[in-house]
Amino acid sequence: MSKTILFLALFLSIVLNVQISFVVAESKVYVVYLGEKEHDNPESVTESHHQMLWSLLGSKEAVLDSIVYSYRHGFSGFAAKLTESQAQQISELPEVVQVIPNTLYEMTTTRTWDYLGVSPGNSDSLLQKANMGYNVIVGVIDSGVWPESEMFNDKGFGPIPSRWKGGCESGELFNASIHCNRKLIGAKYFVDGLVAEFGVVNRTQNPEYLSPRDFAGHGTHVASTIGGSFLPNVSYVGLGRGTARGGAPGVHIAVYKACWSGYCSGADVLKAMDEAIHDGVDILSLSLGPSVPLFPETEHTSVGAFHAVAKGIPVVIAAGNAGPTAQTISNVAPWVLTVAATTQDRSFPTAITLGNNITILGQAIYGGPELGFVGLTYPESPLSGDCEKLSANPNSTMEGKVVLCFAASTPSNAAIAAVINAGGLGLIMAKNPTHSLTPTRKFPWVSIDFELGTDILFYIRSTRSPIVKIQASKTLFGQSVSTKVATFSSRGPNSVSPAILKPDIAAPGVNILAAISPNSSINDGGFAMMSGTSMATPVVSGVVVLLKSLHPDWSPSAIKSAIVTTAWRTDPSGEPIFADGSSRKLADPFDYGGGLINPEKAVKPGLIYDMTTDDYVMYMCSVDYSDISISRVLGKITVCPNPKPSVLDLNLPSITIPNLRGEVTLTRTVTNVGPVNSVYKVVIDPPTGINVAVTPAELVFDYTTTKRSFTVRVSTTHKVNTGYYFGSLTWTDNMHNVAIPVSVRTQILQRYYDEN
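With mature numbering (1 follows the signal peptide of the UniProt record, and there is no 0) as the guide, the letters of the sequence shown map in order to residues -25 to -1, 1 to 731.
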């Protein structure tokens, strides 16, 4: 189906929460994955896809009506409209690896880079050493780009790398010859998968551009966080003022629009990945993910990511926003770098002064003006002060007053809209501690915890005419503001393959200031603060750009290892990192993987845990992929060893044992990328009640020995089933500390049944 069909605007954004109706065809879109290409000629690959469909559907016309995309560059496969029985028939063909139902994915600054230590600084800084990412190309798969943003200007940029094979597509309000430049070197859009699945949608209800232009601003925010150009004196409603820039201001950006009004069709995302691999990107960044329950590793993004990584392209992807519940992590394939979100050392304290002269500090993104003393109300029965019920039960007592409510979750937008519609002047929302704030421009919405909310409620009930004053928010940054894993950030353990630690790393993703589309309701002068693992992902992508610039020969797994093993397990000031959620606790590897990304340290990790495609093949063997399927994925005959390998031996920069029964021994291999003559000694911080022994305890490297293997024997003293306990294993030469997280859960009861 052509992209020029009258559009379509596809799902309404979650933020607007407007219901729409659409036409659903009898057939559904399926992705037929065939593994590695059998032909180098893309036209031959496409013809083979048509022939396969012809054998099923019986005519050329039926094939053309059915097929949505041919994946023919990075790998082989196609998306097509099929009935359930047709999908079953085609899945039984010997050349088919897997048939995957189309899936919808959700799209999950001025301070960030200084907080992480990535500042222009002197000639010794990471940013200067990496030449700001110059000559590296990052592919961003998201909702498009607003090309007029000054963060995409190409002042000072040299020529586009000669290896670049991509380009720009014109479309609605997007002129490729005008809107692309030496910085924004690629812009394409993909919508056929979504149209084929859901038909034509009323465009007037769901405004969008049928082009690479970004309507809502999510993709613009992400791309500018990765590589936005320097722009001085930027703020958001007067807050967070400073010089805005991306992590790698010199990087070339290629945008692939596969997300529309908040959602992305898996078939479109996979086509974008296929094109990006062909175009010659060096890195792929995806701020999107599926919801739980997950498909196995052959779901759409993992399929495309496998082939990208096999070709040396690191894939950085969001962990998801379903936290703080356990086992909500998405994008769990071992070959991708999965990113969790933290706060940073910046907050926006907002003073709430009650009529009894007591002042309480909440958090808000409120630029003023100050709201002088006005009435304060707590909606009683039938609302009982429940934020979730404000919109369903408008209450005249809110008119002309500030409203206090209590939220079991965080229904900020609905509660704010309800108060505004009722004529209220402001909202104080008491909820579980979280630093993710909804910008409300000139309407004061202040977040506090339940304890402070209860204090305000006591005041309201103790006086006949409660009043309140709300001042404009201030900007506070530095050591007095602690770092936390964000409440929304999805948590491990991995529900698909529990022995693979996810997330891998954490980065700031709360109240990130970056460019946005002027269409956005939260736009302020072309900028906005947004929160999500979608915002943390481009932070890591920016660091990966700098590492790729300095170490172009490093594999994706080497870059991942360098980032994980050098991460902070405290915040940059040395304070502990807590995990926000229903209860405050110290963060552990299921919250933040290896820890908080430490860019300057990642440049010189000392040792790396490297992997090749062969390692991932051993992983597939360990989780029971068939020889035929693996052979198709690789494009060559592959036979798994017998006995099959242990998933615990995958050379990851982490150790996760989900079901320890007595004792287990596993292996890791490290490669020296530091001084040639180095000696490393092991330091073990064992999980509680777990014995960890490493052999050898010392690793010696020289000119002839750059790789060394070691074994880790893990046993338990626990006598009952346990939850997970956490520790670490570190190799140190007194200059480098190469640390990996260790997570262990014992299964004594299972062992008892097995033995009896």
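Quick reminder that beta carbons are idealized off the backbone N, C-alpha and C, glycines included.
Taking only runs of the beta strand (DSSP E) that begin and end inside the segment 310 to 355, which ones reach a length of at least 3 residues, in chain order?
312 to 317, 324 to 329, 334 to 338 and 346 to 352
So, is I340 buried or exposed, given that buried needs 16 or more other C-beta atoms within 10 angstroms?
buried
Three-state secondary structure (DSSP) of E272
Low confidence applies here, because E272 scores a pLDDT of 46, under 50, leaving its location unreliable; read the following figure in that light. Coil, per DSSP.
Would you call the CB atoms of T325 and G337 closer than 8 Å?
yes
Contact check, S653 vs D585, beta carbons under 8 Å:
no
For a minimum of 3 consecutive residues, which ranges assigned as the beta strand (DSSP E) are wholly contained in the segment 92 to 164?
112 to 117 and 159 to 164
Distance CB(W310)-CB(F281) smaller than 8 Å:
yes
Any chance you could list the beta strand (DSSP E) runs of at least 3 consecutive residues sitting entirely within the segment 244 to 295, in chain order?
258 to 261 and 290 to 293
Need the endpoints of the beta strand (DSSP E) that R607 sits in, please.
Here R607 belongs to no beta strand (DSSP E); instead the alpha helix (DSSP H) covers D602 to L609.
C-beta neighbour in chain C for I327, strict 8 Å
Absent from the structure is chain C; it holds one protein chain and no more.
DSSP puts C234 in a beta bridge; with which residues?
C239
List the residues that DSSP assigns as beta-bridge partners of S703.
D660 and P716
Please classify D555 as buried or exposed, where buried requires at least 16 neighbouring CB atoms within 10 angstroms.
buried
Answer with buried or exposed for F701, where buried requires no fewer than 16 other C-beta atoms within 10 angstroms of its C-beta.
buried
Which of the three DSSP states, helix, strand or coil, is assigned to W29?
helix
6 Å Cβ shell around V695 - same chain, five flanking residues per side excluded:
I723
My guess is that I228 and V113 are in contact by the Cβ rule of under 8 Å, so how many angstroms apart are they, rounded?
6 Å
Classify P76 as helix, strand or coil using the three-state DSSP reduction.
strand
In the segment 463 to 490, which residue ranges form an unbroken beta strand (DSSP E) of at least 3 residues, counting only runs that do not cross its ends?
480 to 483 and 487 to 490
Option in G49, A482, A316 and T670 with minimal Cα separation from N16
G49
Short Cβ contact (8 Å threshold) for N110 with P76
no
Candidates G295, I252 and I534: closest to V278 by CA position
I252
Drop a sphere of 10 angstroms on the beta-carbon of E81, count the other beta-carbons inside from all chains shown, and report buried for 16 or more, exposed for fewer.
buried
Let me know the secondary structure DSSP gives A62 once reduced to three states.
helix
Enclosing beta strand (DSSP E) for residue 752 [first to last residue]
Lying outside -25 to 731, the shown extent of the chain, residue 752 is not represented and no answer is given.
Identify the continuous alpha helix (DSSP H) that holds V519 and give its terminal residues.
T508 to L525
Over what stretch of residues does the beta strand (DSSP E) that includes T613 continue unbroken?
Unbroken run through T613: none, as it is neither H nor E.
Identify the residues that DSSP records as bridge partners of K35: which are they?
Partner(s): none; K35 has no beta bridge.
Leaving out the 5 sequence neighbours to the left and right, which residues in its chain are closer than 8 Å to K286 when beta-carbon positions are compared?
G49 and I252
Between the alpha carbons of E426 and R683, how many angstroms are there, rounded?
54 Å
Taking only the alpha-carbon atoms, compute the straight-line gap between A(-17) and F190 and give it to the nearest angstrom.
Unreliable positioning characterises A(-17) in this predicted model, as indicated by a pLDDT of 33, which lies under 50. The coordinate reading is nonetheless provided below. Those two C-alpha atoms are separated by around 11 Å.
Since R688 is in the beta strand (DSSP E), which residue starts that stretch and which ends it?
K682 to T691
So, with DSSP's three-state summary, where would you put residue 766?
No information on residue 766 is available, as it lies outside the stretch -25 to 731 that the chain covers here.
Applying the 10 Å Cβ sphere with the 16-neighbour rule, what's the burial state of G428?
buried
Provide the residue(s) that pair with W529 in DSSP beta bridges, ordered along the chain.
DSSP lists no partner for W529.
Of the choices G10, V4 and K158, whose alpha-carbon is the least far from that of K611?
G10
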